[in-house]
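In the numbering used here, the protein residues as written are 6 to 181.
Note that beta-carbon positions come from the ideal geometry of N, C-alpha and C, so glycine has one too.
A short write-up of the structure that comes next.
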């Protein structure tokens with residue numbers, strides 16, 4: 006993560022058969038040897054005053070928008086709720102008609118079905134699926150996939166995550 010222009014980054018390697026965590030890393034980091042020999046005031050200040058919070062394990066405590074991985078949940082909800090069929094063609098102009106959201110690079114993919122949209126990670130297509138499913142149903146499906154709760158691994162400092170709903174949206178973004 007050094008030199009890539011990020012505030013922090015994390016990676017987790019998981020065994021797809023068992024769900025076991027094989028490796029986990031979070032950056033920025035600090036030298037853990039400082040703690041074994043007794044940390045100096047200067048070293049502690051270097052860690053404690055760092056605005057990028059090197060003691061935060063981003064892999065388990067960071068909360069981030071899920072990005073393209075959430076397309077699987079959106080797609081599953083849309084298909085199961087019959088908001089789309091795998092073969093239905095949807096026109097992708099490069100920008101969603103309701104919200105000003107675009108594909109990466111503003112690319113327009115034209116007429117596209119579910120399988121192609123998933124393979125090409127089509128943002129516009131999945132924004133439309135999210136609109137068709139609705140925020141509360143999408144939240145319900147996210148929870149069914151395990152979002153918004155801790156893993157079964159019992160990591161100290163693990164965050165539960167956030168699943169947005171209409172209620173959350175009203176509390177957080179609508180001012181009265």
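Asked, Found
"DSSP three-state assignment for residue 102, whether helix, strand or coil", "coil"
"Close Cβ partners of residue 97 (< 8 Å) along its chain, the five nearest in sequence each way excluded", "108, 113, 114, 115, 116, 117, 122, 127, 129, 130"
"First through last residue of the alpha helix (DSSP H) which encompasses residue 135", "128-138"
"Candidates 24, 30, 99, 134, of which the one nearest residue 66 by Cα", "30"
"Opening and closing residue of the alpha helix (DSSP H) in which residue 83 lies", "76-85"
"Cβ separation of residue 3 and residue 163, assumed to be a contact under 8 Å, to the nearest whole Å", "Not covered by the structure: residue 3. The range shown for the chain is 6 to 181."
"The segment 87-102 in contact with the segment 131-138 per 3-pair CB rule at 8 Å", "yes"
"Which of helix, strand or coil DSSP assigns to residue 152", "coil"
"Separation of residue 83 from residue 148, as counted between CA atoms", "15 Å"
"Residue 16 in three-state terms, based on DSSP", "strand"
"Check: residue 121 C-beta below 6 Å from any heavy atom of the ligand FMN", "Within the structure as shown, the ligand FMN is missing, as the structure has no ligands at all."
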